[in-house]
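Those protein sequences? They're chains A and B, same order as listed. With our numbering, letter number 42 in the first sequence gets 42, and the count goes up by one each step, no holes. For our numbering, add 243 to where a residue sits in the second sequence, where the first one is 1. The structure under discussion appears below in the form of structure tokens.
There are 2 protein chains.
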Amino acid sequence: MKIDPNSPKDLSAQIAQAIKEAIISGELPVDERLPSESELSEQFDVSRPTVREALKRLAAQSLIRTQRGATGGAFVNRLSFKDAYAQQITTSTLLLSMNAVSFETACEARYALERACAPLSAAKREADHLATMRAEIHRQSQPGLSDEAFCASDVAFHRALVDGAGNPVLSYQLAGAIEAMQPSMNMITFTARSRTEIIALHTRIADAIEAGAPEQADATLTELQSYTVRLANDVIAARAAKA
Amino acid sequence: MKIDPNSPKDLSAQIAQAIKEAIISGELPVDERLPSESELSEQFDVSRPTVREALKRLAAQSLIRTQRGATGGAFVNRLSFKDAYAQQITTSTLLLSMNAVSFETACEARYALERACAPLSAAKREADHLATMRAEIHRQSQPGLSDEAFCASDVAFHRALVDGAGNPVLSYQLAGAIEAMQPSMNMITFTARSRTEIIALHTRIADAIEAGAPEQADATLTELQSYTVRLANDVIAARAAKA
DNA sequence: GCAAATTTAAATGTCATACAATTAAATGTC
DNA sequence: GACATTTAATTGTATGACATTTAAATTTGC
């Protein structure tokens with residue numbers, strides 16, 4: 001691992017990249033201890049603060065963890081699905097909010113991905129995920145539920161649908177798509193009528209999964225997508241009319 | 244934005260989180276300049292190196308960019324799709340390699356997602372993406388192509404299929420799923436026979452997209468998935484036999 | 001001789017200060 | 001007015017010190 005003092009990049013960025021590449025290539029295996037900060041600063045011929053900045057960059061990406069104390073140091077971290085979920089969600093959220101992605105585009109992506117899960121979920125139809133879906137449907141029908149709580153339950157319902165596919169990689173990929181949309185979903189005011197409609201569609205989806213009928217789940221998800229987009233467009237139109 | 248000196252977390256981690264939350268909430272809009280490092284160190288009542296560690300954490304996630312010089316400083320960065328792609332790919336790659344995700348599971352996720360794109364691509368059937376797919380198919384049939392080059396072309400083909408859906412959010416989500424599998428794909432030795440088979444399937448997929456026939460694309464992708472898994476299993480079996 | 005208490009050493013976390021490098025704006029010069 | 005120079009602000013890097021944490025080594029007490 002070498003760095004170039006004449007590169008346009010910061011030294012800390014170069015060092016971080018060198019270590020990152022060593023981790024990706026497998027040269028540094030999981031749980032391996034990196035040299036101490038002092039040793040690294042000698043190896044790369046830079047000061048300790050510079051090394052520390054590099055290590056913080058890696059820590060921010062969950063590539064390493066640090067421990068204090070006698071046997072402490074920086075260790076290569078096993079990237080857990082949980083950590084990856086969290087990163088995926090914040091990245092997706094920022095991507096949508098900062099790039100003026102239309103509700104329709106985000107919605108299209110989300111439901112396309114969900115339709116990808118539906119056949120797998122329908123094939124497995126696991127009891128616990130189905131139970132979660134039913135429970136969330138029940139919660140959604142409670143009167144006096146706030147719009148935020150309704151949305152949160154909506155997210156939980158769809159996560160259960162996705163997790164029902166029993167593929168952690170899929171769940172990870174979809175976590176971002178589903179949760180990143182919550183801010184825009186929250187702006188929708190769910191009337192009693194629209195809630196009834198959505199609950200009916202959720203029920204049909206759960207039924208389709210339980211029956212092992214993927215085409216039906218697919219079609220109902222498409223219906224739900226159009227309905228959601230219509231609701232959002234109503235909100236946008238109402239706002240435009242006011243202004 | 245306040246921090247707690249008695250928290251178990253590092254000061255730099257707390258500061259990074261505080262700024263991150265301000266960015267996510269929109270309190271700090273895109274291109275806004277953060278206070279200088281000296282000002283931040285006064286505001287948070289910590290030293291400048293500590294502030295810098297916090298800023299490097301944010302820079303590692305592409306949340307800020309820094310400029311040197313008189314009018315320099317740290318600016319809130321608009322998270323571009325390109326940056327998000329890159330993060331998504333490294334995260335996915337590490338997730339697969341560090342968690343002993345089976346080839347079959349990763350493959351299932353990948354093809355489920357691709358099948359999600361197929362109907363959208365078939366509806367749009369854009370000329371340039373179709374041209375890219377045809378060009379990659381042609382490249383794949385060149386004799387003397389290395390396994391690595393064949394794999395790279397395979398990735399390009401599938402990316403074109405995905406990008407053909409015309410939904411940048413989908414493309415972003417799928418970039419990870421497709422490219423993260425390249426390391427495991429590279430271990431497969433593609434014989435002349437298997438290449439012919441794969442090229443035939445690719446051709447049928449392109450034909451289906453061009454014809455606007457989503458069901459056909461879906462079915463062919465499923466075939467390609469099974470065939471890929473079979474090839475991988477052969478490699479694994481051959482290795483086991485040797486040992 | 002063994003267990004508990006203490007000391008020690010190694011590592012990260014934090015601070016203070018200084019200087020180098022870069023960049024744009026202000027200033028000066030012709 | 002155009003061009004060169006200076007200046008000031010800001011990040012990048014280095015040095016050295018001290019605080020804090022943690023496990024291992026040592027000492028002490030019985």
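In this text, a Cβ means the ideal position worked out from N, Cα and C, and glycines have one as well.
Query: With distances taken from CA atoms, which of A:P8, A:S97, A:E32 is nearest N77 of chain A?; Result: A:E32
Query: Pick out whichever of A:R110, A:F103, A:F75, A:L96 has its Cα sitting closest to the Cα of D218 of chain A.; Result: A:R110
Query: Taking only beta carbons into account, state which residues of the stretch 453–475 of chain B come closer than 7 angstroms to chain A, listed in chain order.; Result: none
Query: Per DSSP, what are the beta-bridge partners of G316 of chain B in this structure?; Result: B:Q310
Query: Kindly say whether P251 of chain B, judged by its beta-carbon, lies nearer than 8 angstroms to any beta-carbon of chain A.; Result: no
Query: Taking 8 angstroms as the threshold, find out whether the stretch 373–384 of chain B comes into contact with the stretch 201–211 of chain A through three or more Cβ pairs.; Result: no
Query: If contact is defined by three or more beta carbon pairs under 8 angstroms, each pair taking one atom from either stretch, is the stretch 92–110 of chain A in contact with the stretch 172–184 of chain A?; Result: yes
Query: Beta-carbon within less than 8 angstroms of I89 of chain A's beta-carbon, same chain only, minus the 5 sequence neighbours each way: which residues are those?; Result: A175, G176, E179, A180
Query: By the 10 Å Cβ neighbour count, where 16 or more other Cβ atoms means buried, how is R230 of chain A classified, buried or exposed?; Result: exposed
Query: Between the C-alpha atoms of A256 of chain B and S62 of chain A, what's the straight-line distance to the nearest angstrom?; Result: 12 angstroms
Query: Using a Cβ cut-off of 7 angstroms, pull out every chain A residue sitting near N429 of chain B, in sequence order please.; Result: Residues of chain A passing the Cβ test: none, with the nearest at roughly 13 angstroms.
Query: DSSP three-state label for D78 of chain A, please.; Result: Sequence inspection shows Arg at residue 78 of chain A; the Asp mentioned does not correspond to that position. In this structure, R78 of chain A counts as coil in the three-state DSSP scheme.
Query: If you draw a straight line from the C-alpha of I236 of chain A to the C-alpha of D163 of chain A, how long is it?; Result: 32 angstroms
Query: Answer with buried or exposed for E379 of chain B, where buried requires no fewer than 16 other C-beta atoms within 10 angstroms of its C-beta.; Result: buried
Query: So, F103 of chain A versus D147 of chain A, is the Cβ gap smaller than 8 angstroms?; Result: no
Query: For the stretch 364–385 of chain B, which residues have a beta carbon sitting closer than 9 angstroms to at least one beta carbon of chain A?; Result: none
Query: If the criterion is Cβ atoms closer than 8 angstroms, does the pair I3 of chain A and A18 of chain A meet it?; Result: yes
Query: Check whether chain B comes within 8 angstroms of Q173 of chain A, counting only Cβ atoms and requiring the distance to be less than that.; Result: yes
Query: Anything in chain A within Cβ reach of E351 of chain B, meaning under 9 angstroms, just list it in chain order.; Result: L120, A165, N167, V169, L170
Query: Do L322 of chain B and M133 of chain A have their C-beta atoms closer together than 8 angstroms?; Result: no
Query: My output table needs one value for A276 of chain B: the three-state DSSP class, helix, strand or coil.; Result: At residue 276 of chain B the sequence reads Arg, which differs from the Ala that was named. Here R276 of chain B sits in strand by DSSP.
Query: Within the 8 angstroms Cβ cut-off, does Q304 of chain B reach chain A?; Result: yes
Query: Which residues in chain A sit within 9 angstroms of Q425 of chain B, going by Cβ to Cβ distance?; Result: The contacting residues do not exist; Q425 of chain B stays about 12 angstroms from chain A at best.
Query: Which residues mark the beginning and the end of the alpha helix (DSSP H) in which L145 of chain A is found?; Result: That residue, L145 of chain A, is in no alpha helix (DSSP H); it is neither H nor E in DSSP.
Query: Could you say which of B:V344, B:R311, B:Q286, B:L363 lies nearest to G409 of chain B if we only look at CA atoms?; Result: B:L363
Query: Once DSSP output is grouped into helix, strand and coil, what is the label at L28 of chain A?; Result: coil
Query: Just reading off the alpha helix (DSSP H) that N233 of chain A is part of, what are its end residues?; Result: 214–242
Query: Below 8 angstroms between beta carbons: does that hold for E53 of chain A and E296 of chain B?; Result: yes
Query: Tell me, please, whether the CB atom of S275 of chain B is closer than 8 angstroms to any CB atom in chain A?; Result: A quick correction: the sequence has Glu, not Ser, at residue 275 of chain B. Not an interface residue.
Query: Drop a sphere of 10 angstroms on the beta-carbon of Q67 of chain A, count the other beta-carbons inside from all chains shown, and report buried for 16 or more, exposed for fewer.; Result: exposed
Query: Which of the three DSSP states is assigned to E197 of chain A in this structure?; Result: helix
Query: Is the shortest distance between the beta-carbon of G419 of chain B and the beta-carbons of chain A less than 8 angstroms?; Result: yes
Query: Hey, could you find the ends of the alpha helix (DSSP H) G407 of chain B is sitting in?; Result: It is not in any alpha helix (DSSP H) - G407 of chain B carries neither H nor E in the DSSP assignment.
Query: Taking the Cβ atom as the reference point for each residue, do S281 of chain B and S290 of chain B lie within a distance shorter than 8 angstroms?; Result: no
Query: L71 of chain A: buried (16+ other C-beta within 10 angstroms of its C-beta) or exposed?; Result: The amino acid occupying residue 71 of chain A in the given sequence is Thr; Leu does not appear at that position. Per the 10 Å Cβ criterion, exposed.
Query: Take the Cβ of D45 of chain A as the centre, count every other Cβ of all protein chains shown within 10 Å, and call the residue buried at 16 or more, exposed below.; Result: exposed
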